[in-house]
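These notes concern the structure reproduced below.
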Amino acid sequence: MSLQSGLEAFQQGRYQEAVNLLEQFSRNCVDHNSSDYLSAQMWLMKAYQATGQIEKATTLWHKLIVSENPQVRNWAEQARQSFSEPPTTQTSAIQKAGRATAAGVKLAMGGVGGSLVLASGVTMTLLFGMVLVLGLSLVFILGSNDPLQGLAIAIAITLIFNIAAFFLSPFLMDLTQSWLYQTRWVELAEVESLSPETARVIRQVCQQKNLKAPRLGIINDQNPTAFTYGSLPNSARLVVSQGLFTYLDDDEIATVYAHELGHIVHWDFAVMTVASTLVQICYLIYSTARRLGRGGGDNKIKDAIQTAGLVAYIFYIIGTYLLLYLSRTREYFADHFAAESTGNPNGLSRALVKIAYGILEEGSRSKEPSRLIEGTRALGIYDPKAATSTGTAYRIASDPQKIGRVFLWDMFNPWGWWMELNSTHPLTGKRVRALSTYAEQLGLPTEFDMGRVIGEGKNLSKGKLYGNFFLDIVLYGAETIGFLAGLVLGVILLSSTGNPGITLGAPFIGLGIGILVKALVMFPSYKQAPETDILTLMSDPYASPLRGQPAKIEGQLIGRGDAGYKFGSDLKIQDRSGMLYLHYASRFGPIGNFLFGMKRVKSLIGEQVGAVGWFRRGVAPWMDLIQLQSENGTFVNSYHRFWSFILGGGSIILGVVLTMFLSSR
């Protein structure tokens, strides 16, 4: 698809066609610094304006105004006046419900998020204890003969680790930020020029809490995010991306900054900095001990090193889940602080939804996920893995209830609670629900009528929700259950028949039956797969990560789904309502996936396709692909069921052969 054809369509007044042609050209263009690519982006901005897509035009303008090419920057400056409204604001699909007349009103949390003090105290106490135990292990490995001296050395090691982690982590992160993301440190005046209310909030909070203004940073990345790190409140760093100013309005940006200031006021950012470092120390000790344990030498010392490595790994797993719990708890308290300090809980609700939308929009334009979003997932204000469902709803929502329905899964499906255990952030629906209660306390209407969502959720079938959940939990272990059941049955039959073949064969038969039963539930018949769209799939409160839901969607393949993997076989599809990841499986296993990603995926990107697959819902929804058909007749078949049936059937055949072979001897 040539640039010239897109320009001709625009000049002849065929603006929507021009949008399609220029978007496709931009996606296929490898060199984003080339004059052709930059020209396509400039004309695409004008085409967006001509078709009334002001949000997309605004987003693109913000990219062009910070281009490294001075001619493009000058063009963008001149184009500023062509916007019907200032390009620093995002046209919202949501009508604002208003805010409190005064900030600082105390709001009851009502048990939301638990206790931040308790979570921080328990986490730090246990992590301190873990490093203490590891210190003792190291001392004993070195052969200390004096237990009191060994204890003193272990405590000293622990203190040194903690103090070093506390004071050095921020500087190490500064270096990381500069190297990976080219963070630009700015004065408050520059932030004020971008968001006046944000500057007022920063001054107000710092004055009230007797804090020094944090060091402010901006990363030139259009993926909207914000995060805070440091060791002491008066030396904290508060960093945001340029995308925050692109996708959010002034009052929404202020609530995001207030949220991050909440982390500083509560000191939880410092706790997270130290806790994260301690968890990494546990992993470092594990990996070092594993390497040392492989060598030769004294068996006693080698065994001690291996034991220390095992203990360190167990502590690493426990510490990771403690860290995740603390991370989720502190997000609730930072949301509460933002609502109190700005009097605008609705603004933060909007900000969370629009951040999800921004992440989704930027992802749809990029063939690879953002390194910034992936690298700062635990620190950021929003978990990017949860952006797909919320961002999809916002993309087309003229009615906030469409967004609210997507939150049903977050709030009522037991899989949501289960998945949240591995998440750095609370599920979006739960955060918006908490913010809605703060709005109600302030006497404000809520933009996402969560009361109606809660009412709809209470009418859901509890039997279907929890019955399917508990059955799915069992099915997740169907192979193990089948193997153990076969083993027990084989032992019982051995005592009555004296046939050793049954004892050996029955476990394999049970294993095979378990695999096949699980496969039939995960991959049901797709012959009557209904035609639907992505938003409808994401609005299903009963969706499961295990129980596949056959569906057919039509849309455009817009890129690879694998994070940073240039030969990835997974894809991203976008229809009129949103974006979804497609998981591909070759009948030749990982080698076939690699070859498909290397040879075919690039040629498919940009194609309009019909996709049939099994939809699944987790924190990030996806579809296991069955078949893909493009408009030009290209077929792609995916074989998720293939290996399940091969392994299940093969295991049963092996079990039968073992039983018959040993019985005949």
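Read left to right, the sequence shown gives residues 1 to 665 (UniProt numbering).
A virtual CB, placed ideally from N, CA and C, is assigned to each residue, including glycine.
*Could you check the C-alpha separation between Gln-306 and Ile-317 for me, to the nearest Å?*
One C-alpha to the other measures close to 17 angstroms.
*Does DSSP classify Thr-228 as helix, strand or coil?*
For Thr-228, the secondary structure class from DSSP, reduced to helix, strand or coil, is strand.
*asked:* Closest to residue 719 by C-alpha separation, out of Ala-312, Ser-67 and Met-272, would be which residue?
replied: The chain is shown from 1 up to 665; residue 719 falls before or after that span and cannot be answered.
*asked:* Given this structure, state the Cα-to-Cα distance separating Thr-634 from Leu-628, to the nearest angstrom.
replied: Roughly 8 angstroms separates the two Cα atoms.
*Quickly, what does DSSP pair His-583 with across the bridge? List them, please.*
Within the DSSP bridge table, the entry for His-583 names Asp-624 as partners.
*So, helix, strand or coil for Val-619, using DSSP?*
DSSP places Val-619 in the coil class of the three-state scheme, outside both helix and strand.
*Can you give me the Cβ contacts of Ser-495 inside the same chain, cut-off strictly under 8 angstroms, excluding the 5 residues immediately before and after it?*
The answer is none, since no qualifying residue turns up.
_Quick check: the segment 37 to 53 against the segment 231 to 247, are at least 3 beta-carbon pairs closer than 8 angstroms?_
These segments do not touch.
*asked:* Let me check one thing: in DSSP terms, what residues is Arg-237 bridge-paired to?
replied: When beta bridges are read from the DSSP output, Arg-237 appears opposite Arg-215 and Tyr-229.
*Specify the secondary structure class of Ile-573 as computed by DSSP and reduced to three states.*
In the three-state reduction of the DSSP assignment, Ile-573 falls in the strand class, which pools E and B.
*Give the secondary structure of Leu-557 by DSSP, where H, G and I count as helix, E and B as strand, and everything else as coil.*
Strand at Leu-557.
*Rounded to whole angstroms, what's the CA-CA distance from Leu-493 to Gly-512? Just pull it up for me.*
The alpha-carbon atoms of Leu-493 and Gly-512 are separated by roughly 19 angstroms.
_By alpha-carbon positions, which one of Ile-646, Tyr-181, Phe-337 and Arg-405 ends up nearest to Met-109?_
Ranked by Cα distance from Met-109, the first of Ile-646, Tyr-181, Phe-337 and Arg-405 is Phe-337.
_Residue closest to Ile-355, alpha-carbon to alpha-carbon, out of Leu-194, Ile-381 and Arg-330_ = If we check each option's Cα against that of Ile-355, Ile-381 comes out closest.
*Close beta carbons around Tyr-286, own chain, < 7 angstroms, minus the five adjacent residues each side*: Once the five neighbours on either side are set aside, the close Cβ partners of Tyr-286 are Gly-309, Ala-312, Tyr-313 and Tyr-316.
_When Lys-56, Gly-52, Gln-608 and Leu-38 are compared against Asn-74, the one with the closest alpha-carbon_ = Between Asn-74 and the set Lys-56, Gly-52, Gln-608 and Leu-38, the nearest pair of CA atoms involves Leu-38.
*Helix, strand or coil for Glu-361 per DSSP?*
Three-state result, Glu-361: helix.
*Phe-523 and Arg-641: beta carbons closer than 8 angstroms?*
The criterion of a C-beta distance shorter than 8 angstroms is satisfied by Phe-523 and Arg-641.
*Given Pro-500 as reference, the closest of Gly-592, Met-660, Arg-184 and Leu-107 once Cα atoms are compared*: Proximity to Pro-500 across Gly-592, Met-660, Arg-184 and Leu-107 peaks at Met-660, based on C-alpha coordinates.
*Report the three-state DSSP secondary structure of Glu-531 (helix, strand or coil).*
In the structure shown, Glu-531 sits in a strand (DSSP, three-state: E or B).
*Limits of the alpha helix (DSSP H) - the one that Asn-422 falls within*: Here Asn-422 belongs to no alpha helix (DSSP H), and DSSP marks it neither H nor E.
_Reduced DSSP category for Ser-327 - H, G, I as helix; E, B as strand; rest coil_ = Ser-327: helix per DSSP, three-state reduction.
*If Leu-442 sits next to Val-105, beta carbons under 8 angstroms apart, how far is it from one beta carbon to the other, in whole angstroms?*
At roughly 6 angstroms, the Cβ-Cβ gap stays under 8 angstroms, so Leu-442 and Val-105 are in contact.
*What are the boundary residues of the alpha helix (DSSP H) that Arg-184 is part of?*
Looking at the DSSP string, Arg-184 is not in any alpha helix (DSSP H); the run it does join, the beta strand (DSSP E), is 184 to 186.
*asked:* Buried or exposed for His-425, going by 16 or more other Cβ atoms inside 10 Å?
replied: By the neighbour-count rule (16 or more Cβ atoms within 10 Å), His-425 is buried.
*With distances taken Cα to Cα, identify the nearest neighbour of Glu-55 among Leu-427, Tyr-247 and Thr-225.*
Relative to the Cα of Glu-55, the nearest Cα in the group Leu-427, Tyr-247 and Thr-225 belongs to Tyr-247.
*Across which residues does DSSP place Trp-614 in a beta bridge pair?*
According to DSSP, Trp-614 bridges with Pro-550 and Asp-624.
_Local Cβ density within 10 Å of Leu-180, reported as buried at 16 or more and exposed below that_ = With fewer than 16 other Cβ atoms inside 10 Å of its own Cβ, Leu-180 counts as exposed.
_Whole angstroms are fine: how far does the CA of Tyr-48 sit from the CA of Val-19?_
Approximately 7 angstroms, taken between the alpha carbons.
*Among residues of its own chain, excluding the 5 on either side of Ala-226, which ones have a beta-carbon nearer than 8 angstroms to its beta-carbon?*
Taken in chain order, the residues that qualify are Leu-238, Val-239, Val-240, Ser-241, Leu-244, Val-256, Tyr-257, His-259, Glu-260, Gly-380 and Ile-381.
*asked:* On the criterion of 16 or more Cβ atoms from any shown chain inside 10 Å, does Ser-35 qualify as buried, or is it exposed?
replied: Exposed, because fewer than 16 other Cβ atoms sit within 10 Å of the Cβ of Ser-35.
*Grouping DSSP H, G and I as helix and E and B as strand, with all else coil, what is Asn-637?*
Annotated three-state conformation of Asn-637 is strand, per DSSP.
*Output the boundary residues of the alpha helix (DSSP H) element that contains Gly-477.*
Neither: Gly-477 is in no alpha helix (DSSP H) and is coded neither H nor E.
*Given Leu-21, which residues of its chain have a CB within under 8 angstroms of its CB, disregarding the five upstream and five downstream residues?*
For Leu-21, same chain residues with a beta-carbon under 8 angstroms away, outside a window of 5 residues either side, are Met-1, Ser-5, Gly-6 and Ala-9 in chain order.
*When every heavy atom of the ligand GDP is checked, does at least one fall within less than 7 angstroms of the C-beta of Asn-344?*
This structure lacks the ligand GDP, and indeed carries no ligand of any kind.
*With burial defined as no fewer than 16 other Cβ atoms inside 10 Å of the residue's Cβ, what is the status of Val-657: buried or exposed?*
So Val-657 ends up on the exposed side.
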